[in-house]
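All the letters of the sequence shown, read from the start, carry residue numbers 1 to 115 under full-length UniProt numbering. Where a beta carbon is used, it is the ideal one built from N, C-alpha and C, also for glycine. The structure under discussion appears below in the form of structure tokens.
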Amino acid sequence: QCFPDMGCCAEFDMDLNGASCGCNLNFYLVDMPVGFPGKGGDYYCDAQCFPDMGCCAEFDMNEGNANVQQVTNHACTGDYGDHPDWRCHKWGQPMDKTHTRQFGQGTGTIDSSQP
């Protein structure tokens with residue numbers, strides 16, 4: 001109830017230790033409900049805009065695994081240059097390319113084994 005005017009704060013913990021490469025854990029917020037029910041009878045929507053599901057803005061608060069983490073905004077402004085059929089930005093904006101030096105262990109990485 002409080003996210004529209006950001007009159008609150010949220011805190012969460014995610015244990016990513018068991019999520020290795022090839023696994024994607026995602027905690028995200030979407031602008032729901034969409035105005036019509038999907039195939040499952042619910043009113044779910046996200047920025048991927050799958051057929052027979054709603055299309056709405058999405059904010060990935062934490063996406064990744066034990067080796068990489070990312071925060072992504074998927075806006076729905078409708079102007080995506082090379083992708084005129086997109087209603088929302090499926091890859092996220094701003095699109096920040098992940099570099100191999102950001103993966104795994106080392107001094108330039110986040111230790112996801114620690115709280």
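If contact is defined by three or more beta carbon pairs under 8 Å, each pair taking one atom from either stretch, is the region 32-43 in contact with the region 79-86? no
Cβ-Cβ distance between Ser20 and Asn62 below 8 Å: Cβ distance not < 8 Å, so Ser20 and Asn62 don't count as in contact.
Alpha-carbon to alpha-carbon, Ala10 and Cys76: 23 Å
From the DSSP output, in three-state form, read off Asn65 for me. coil
Using 8 Å as the threshold, is the C-beta distance between Met14 and Gly38 below it? no
How long is the line joining the alpha carbons of Cys88 and Glu58, rounded to whole angstroms? Going by the C-alpha atoms only, they are around 9 Å apart.
Run of the beta strand (DSSP E) containing Phe50, from where it starts to where it stops: Element bounds for Phe50: n/a, residue is neither H nor E.
In or out: Gly92 buried (at least 16 other Cβ within 10 Å) or exposed? Burial call: buried.
Cβ of Cys55 within 8 Å of Cβ of Met32? no
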